[in-house]
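The listed protein sequences correspond, in order, to chains A and B. The first sequence begins at 1 in the UniProt record's numbering and counts up by one. The second sequence begins at 1 in the UniProt record's numbering and counts up by one. Notes follow once the structure below has been shown.
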Amino acid sequence: MEPLNLPATLDALDPIADFVLEAAKAAGLEKKAAYRLRLAVDEIATNIVTHGYEEMGMTGDIQVYADMDEESLTITLEDTAVPYNPFEQDPVSEEELQKPLEERPIGGLGLFLTIRGVDRFSYERVANINRNMFLMLRPKEGAPDVQ
Amino acid sequence: MSIDVKVEYRGTDGVITLGGQLDASAAPAFKSAIEDVFNGPEKVGRLVILMQDLEYMASAGLRALVFAKQKAGAGVPIVLVAPQEGVLETIEMTGFHHSVIIEETYA
């Protein structure tokens, strides 16, 4: 698939979701896996737009790539906002997830859903680029439909 | 992003109907519906959110539910009706099902 290049605003979330779901379909991901991948990419794209660019008073673009081989589908987000390493944020803890809503910290849920939702999530800073990668394993050919 | 939000009262239930895609760009519309319910003329006995046509919900939707819980206070339950598979999985993974009531149909 041709990469997407979009202005980094919340309006980009919609076309990014379409792109990810199309790639997931091409890779043969099941409905649930496709949903989780879309959720993961959406959460990080939201963070890039709001924390990476808007809160810093910056504008810029966000690039989306899809790469597929026999084993897996990888979606990659690239941006040139401030360095923003998701692994330096704290996802919510299991303990916090058991708390009633009114006692919850407000942040960290998106990152938690990202890490839980995909088979591999990675971040790297290369020169002035933030690169977030989301890998999903493809269903094996000939695998039984029902486990 | 296309989200459909409708607010109504059915007896003492404040009812919000959601449809489409609830991502970060759509969350403010949901949040403002929650404010409408609790700022309206009726005292709300329950907040009911009809989700059968909601295809997607990001964490921004979860944060709006936290906001709803704060608005509702302890005595007003939040009922989520018929969330689809993906939305339900997110609610359960994040433990939100301990703090809301999930029903298959609106009674």
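Here a beta-carbon is modelled for each residue, glycine too, at the ideal position from N, C-alpha and C.
So the beta strand (DSSP E) residue i belongs to, where does it begin and stop?
i                     : result
Val-126 (chain A)     : 120-126
residue 157 (chain A) : Outside the displayed range of chain A (1 to 147) lies residue 157 (chain A), so it cannot be described from this structure.
Leu-135 (chain A)     : 129-137
Val-15 (chain B)      : 13-22
Thr-90 (chain B)      : Where Thr-90 (chain B) is concerned, there is no enclosing beta strand (DSSP E), although the alpha helix (DSSP H) it sits in stretches over 85-93.
Glu-78 (chain A)      : 72-79
Glu-103 (chain B)     : 101-103
Glu-55 (chain A)      : Taken as a continuous stretch (DSSP letters only), Glu-55 (chain A) belongs to no beta strand (DSSP E), as it is neither H nor E.
Asp-4 (chain B)       : 3-10
Val-79 (chain B)      : 78-81
Please list the terminal residues of the continuous alpha helix (DSSP H) segment that includes residue i.
i                 : result
Tyr-35 (chain A)  : 31-47
Asp-11 (chain A)  : Asp-11 (chain A) -> no alpha helix (DSSP H), and no H or E assigned at all.
Gly-61 (chain B)  : 59-72
Glu-35 (chain B)  : 27-39
Leu-113 (chain A) : 109-117
Is residue i close to chain A, meaning its C-beta is less than 8 Å from at least one C-beta of that chain?
i                 : result
Phe-96 (chain B)  : yes
Lys-69 (chain B)  : yes
Val-79 (chain B)  : no
Tyr-106 (chain B) : no
Ser-32 (chain B)  : no
Val-66 (chain B)  : yes
Does any residue of chain B have a CB that is nearer than 8 Å to the CB of residue i?
i                 : result
Gln-147 (chain A) : Legend: pLDDT at Gln-147 (chain A) = 44, less than 50; position of this residue unreliable, no value from coordinates given.
Pro-139 (chain A) : no
Phe-112 (chain A) : yes
Glu-43 (chain A)  : yes
Asp-11 (chain A)  : yes
Glu-102 (chain A) : yes
Arg-116 (chain A) : yes
Lys-25 (chain A)  : no
Tyr-35 (chain A)  : yes
Leu-77 (chain A)  : no
Thr-80 (chain A)  : no
Leaving aside the five residues before and after residue i along the sequence, list all residues of the same chain whose C-beta is less than 6 Å from its C-beta, in chain order.
i                     : result
Ile-91 (chain B)      : His-97
residue 161 (chain A) : The structure shown does not extend to residue 161 (chain A), since chain A is modelled only from 1 to 147, so the question has no answer here.
Ala-40 (chain A)      : Thr-114, Gly-117, Val-118, Phe-134
Ile-49 (chain B)      : Ile-16, Leu-80
Ala-27 (chain A)      : Met-68, Leu-73, Arg-138
Glu-78 (chain A)      : Gln-63, Ile-129, Arg-131
CB-CB under 7 Å to residue i, same chain, minus the five flanking residues each way: which ones, in chain order?
i                 : result
Gln-147 (chain A) : Confidence at Gln-147 (chain A) is low in this model, with a pLDDT of 44, below 50, so its placement is unreliable and the value that follows should be read with caution. Taken in chain order, the list of residues that qualify is empty.
Met-56 (chain A)  : Ala-81, Val-82
Glu-8 (chain B)   : Val-15
Glu-103 (chain B) : Val-79, Val-81
Arg-36 (chain A)  : Gly-117, Val-118
Ser-122 (chain A) : Met-133
Between residue i and the rest of its own chain, which residues show a CB-CB distance below 8 Å, the 5 nearest in sequence each way excluded?
i                : result
Ala-62 (chain B) : The displayed chain sequence assigns Leu, not Ala, to residue 62 (chain B). For Leu-62 (chain B), where only same-chain residues beyond five positions count, the Cβ hits under 8 Å are Thr-90, Ile-91, Thr-94, Phe-96.
Gln-84 (chain B) : Met-51, Gln-52, Leu-54, Glu-55
Arg-46 (chain B) : Thr-12, Asp-13, Gly-14, Val-76, Pro-77, Ile-78, Val-79
Thr-59 (chain A) : Pro-7, Ala-8, Tyr-53
For residue i, list the residues DSSP reports as bridge partners.
i                 : result
Leu-101 (chain A) : Its beta-bridge partners do not exist; DSSP assigns none.
Asp-53 (chain B)  : B:Gly-19
Leu-21 (chain A)  : Paired residue(s): none; Leu-21 (chain A) is not in a bridge.
Asn-5 (chain A)   : A:Gln-63
Val-82 (chain A)  : In the DSSP output, where bridge partners are listed per residue, Val-82 (chain A) has none listed.
- Of the residues that make up the region 34-64 of chain B, which ones have a beta carbon closer than 8 Å to any beta carbon in chain A? Tyr-56, Ala-58, Ser-59, Ala-60, Leu-62, Arg-63
- Task: May I ask you to list, following chain order, the residues of the region 85-100 of chain A that have a beta carbon less than 7 Å from some beta carbon of chain B?
- Result: Leu-97, Gln-98, Pro-100
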